[in-house]
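Quick notes on the structure that follows.
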Amino acid sequence: MDLFTLKSLLFLPFFIGCCVVEGILYAAVGRNVTLKTSHDNLDDFIIDWTFFEDIEGNDMVLILVQMSEGQLKVFQSYEDRLLVNRTNGDLTLRSLELRDSGEYNFFIETADGTRFRNYTKLQVLEPISCTKITGPTVTLIAGSSTATLSCQAAAGTMMTRTWLKDGKPLSASSHLVFSDDMSSMTINPLQKEDDGEYTCQLNNIISIDEASYKMVVNCECLFC
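Per the UniProt record's numbering, the sequence shown runs over residues 1 to 224.
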């Protein structure tokens, strides 16, 4: 059996409770993730699962699992969190933590000595939660007032922010300016048409959260 045939038969990766984007496997804190070998019987195989962890710029290698002739060894500190399918070698990592981010390597050697290696880069993210918008608490007057809205979340790994007004995406203009990280927006001067509901959406690969703020713009006279 050649290496390419072995690859197609033994390592068709499926990931549970997560998603894969540009070759990186993303998963949420607290969830489980399963790496499958897509093989039915590993009785005649030797397999290893190893984890490459970056600690202060230094690569640390942990041998998570070793299995040979049906005998299984699991790295002690992972015994309560790793589940290995003795039949097919599938590896499940339970109750994910941020420190589980890193590179996971799979090695297999068949009875005839054929070897195969593959790896998966795992990035564990904290879901975004408790998003809040802060804005002006004073009366806003068209033509003279300025309004700044700020958007933050209590928890989570933010990747992108999107601002909307009355459900439609906002873009910068002559009187609307966003901060570099999109965490705040300033309207100066306010106009009557700026009256409405503003929404801030925070998202990462695994979650999305949002908050809204109702802005009321008043006129000093009957018409403005």
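Positions of the beta carbon are idealized from the N, C-alpha and C atoms, including for glycine.
- Leaving aside the five residues before and after Cys221 along the sequence, list all residues of the same chain whose C-beta is less than 7 Å from its C-beta, in chain order. none
Fill in: Nearest-angstrom Cα separation, counted from Ser77 out to Asn188
56 Å
Do Thr120 and Leu202 have their beta-carbon atoms positioned less than 7 Å apart in this structure? no
Check your understanding: Are the beta-carbon atoms belonging to Ala142 and Lys192 less than 7 Å from one another?
Key -> yes
Identify every residue that forms a DSSP beta bridge with Asp209.
Leu202
| query | What's the C-alpha gap between Ala27 and Ser144? | reply | 47 Å
- Query: What number of angstroms, rounded off, separates the C-alpha of Ile208 from the C-alpha of Leu140?
  - Reply: 30 Å
Checklist entry - Tell me, which residues are paired with Gln66 by DSSP? => result Asp48 and Lys73
May I ask which residues mark the beginning and end of the beta strand (DSSP E) holding Arg117? Arg115 to Leu125
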